[in-house]
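Below is one structure, written out as C-alpha cells; the observations come after it.
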Amino acid sequence: MSLVPIDDALLRLLSGIKPLGSADVPIERSIGRVLARPVYARYDHPRADNSAMDGFALRSEDGTIPRKLVGQSAAGHPAIPALQTGEAMRIFTGGLIPEGADAVLIQENAQWDSSMCQPEQPAQPGDHIRRRAEDFAEGDLLIGPGYPLRSMDLAFVAGQGLSDVTVFQRPSVIIIATGDELVAPGIPLQRGQIHESNSFMIAAQVEEAGGEIVERILIGDDREATQRALQQSAARADLVIFCGGASVGDHDHVVDCLQEHTAGKLHFYKVKMKPGKPVAAAQTKQTTILCLPGNPASSAVAFEQFVRPCIRTFQGDLRPHRRLESRPLAKALKGRSNRCRFLRARYQDDGRVCALEKQSSGMLSSLIAIDGFIMIPANCGPFKEGDSVAFQAFGDAGHHQPPEAQWNALFP
C-alpha cells in the first residue's frame, strides 16, 4: 500500500465533514467559538462627531482671536449650545462636537482661564475630530461567519449592544487508548507496564481545538473489546479518536476493526509523514473516526495535522489548519527523507528556531515546552544554519490551506 501525501489525506478527510448546528451563547462565553451568523453594525461608529483630544472646540475661520468660553463637552455629557463667532467650548476626549464648531484646538496650543481662551496658533477645519461613521457605518459587516472569536472581537460585539452571538456547536469526542501494557496513572506498575499518557495529551489538544470530551476509554489489545468500543463510541460522538493499535503488529486490531465497521471504506491508511505514518481515518453515517499512532510524538504530530483540522471544520472554521511561518534556523539540519518530516522545535530569543536533538517518536521529553514543528517536505534538505524553514507554530492563528500547500506558497 502506497503512502498518502498529507494534503491528499486531509482533502479526503475534511471533504466528509460538515459544520455542526448552531446555538446562541452569551458573549462572555463565546471566546474561541466560531461564528455561525455574521455580526453587522447596528450603529454608526462613532455615532456622532467627537473630539480625539482634550482641548477646545471652535470655529476655524475665527483664526487666533480670543474666544469666550461657553460651557464644556465631555464623553457622556454633551453640551447643548451652538457656537457663535468668537466663542469656544472646553472639550475632552470623546466629547461631542457642538454645532457650529469645525475643529478642536489641543490644549497645549492655547492659553485659557475660566472665561476666555487665547489660541496660540490657528486650527484647521477637521483638526482632531473623529467623524461620524469613519470607523464603520450602520449595516457594515463587522465579523463574518467561519471566524473564531478572540478577546478583542468581543469589543465589537458588545459595542453593538449584543448580549449573545450565534456560533457553531462544538463536536463531541471520545478518546480510546489501546494497549495491554497500559495502566491508568495512580496505579502501581508491574513488570512490562507503563502509565497511559497519550489520552491525557490528546484530550487537552481536543479541548484546545474546541472539542468537547465525552469520555476517555482504556482497553487492552483485544479484538472483541476494540470492536465493542468502536461500535458503542461511534453511536455517541461526532468524533472518535483511537490512540495506538494503528500499526500492523499481531496485537494491533484497530485498523482491521475499522475496516469491518465501515465495509472497507477508509479515507486513508498510512500517510507520507515522519513521525506519524500509521494514521487511519474513516467516516460512518454520523461519526468521523481517526486512528493515531501509539508513540507520543507521533500521536502529537498526527493530531496537529489531522485531528485539529477535523475539529475546527466541525465548528465551521474557514481556517482549520495550523499556520506555517518562515523562520531562520539556529542550527543546521542534516539529511533528508522521502517522507514529510515534522521536527519538534523551540524558538530562540533572536527569533530563530532550533530543532531538538532528541527526535525519536517514543521520547516523551521531546514534547516538553516545544513551540511547534519544523516542517520539511519529502526529499528536501539538508539545511544550513540561517537557512529559512517552515515553522508550524502553536498558536491561535489558522490558515485555509493544508501544510504542503502553505509550504509551496512560502518557498515557491
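Quick note: the sequence shown uses the numbering used here, first residue 1365, plus one each step. Ideal Cβ positions, reconstructed from N, Cα and C, are used throughout, including at glycine. Please read these numbers as outputs of a predicted model, since none were measured by experiment.
Thinking just about the alpha-carbon of each residue, which of F1520, A1694, A1773 and P1766 is nearest to the one in A1373? Measuring from the Cα of A1373, the nearest candidate turns out to be P1766.
If you reduce the DSSP assignment to three classes, tell me which class E1484 lands in. Here DSSP, grouped into helix, strand and coil, assigns E1484 to coil.
Using DSSP with H/G/I as helix, E/B as strand and the rest coil, what is M1739? strand
For R1454, which three-state DSSP category applies? strand
In whole angstroms, what is the alpha-carbon distance linking C1655 and L1603? 11 Å
Any contact between the segment 1499 to 1515 and the segment 1423 to 1435? By contact I mean 3 or more CB pairs, one from each, below 8 Å. No, the segment 1499 to 1515 does not touch the segment 1423 to 1435.
Taking Cβ positions only, does H1492 come closer than 7 Å to chain C? The structure shown contains no chain C; it is built from a single protein chain.
Does DSSP put S1597 in a helix, in a strand, or in coil? helix
Confirm, please, whether the CB-CB distance from G1680 to V1398 is below 7 Å. yes
Could you pull out every unbroken beta strand (DSSP E) segment of at least 3 residues lying fully inside the segment 1506 to 1574, listed in chain order? 1528 to 1532 and 1536 to 1542
Span separating the alpha-carbon of H1320 from that of A1548: Here the chain comprises residues numbered 1365 to 1776, so residue 1320 is not present and cannot be evaluated.
Would you identify the three-state DSSP class for Q1765, choosing helix, strand or coil? coil
Pick from H1631, H1409 and A1421: whose alpha carbon is nearest that of V1521? H1409
Across which residues does DSSP place H1409 in a beta bridge pair? F1500
Please classify S1729 as buried or exposed, where buried requires at least 16 neighbouring CB atoms within 10 angstroms. exposed
Looking at the secondary structure, which residues open and close the beta strand (DSSP E) in which S1777 lies? The chain is shown only over 1365 to 1776; residue 1777 falls outside these bounds and no answer can be derived.
Contacting residues, own chain, Cβ-Cβ under 8 Å from D1836 (five flanking each side not counted): One cannot answer for residue 1836 here, as it falls past the ends of the chain, which runs 1365 to 1776.
Integer-rounded CB distance, given that P1660 should sit under 8 Å from L1731: 6 Å
Three-state secondary structure (DSSP) of R1592: helix
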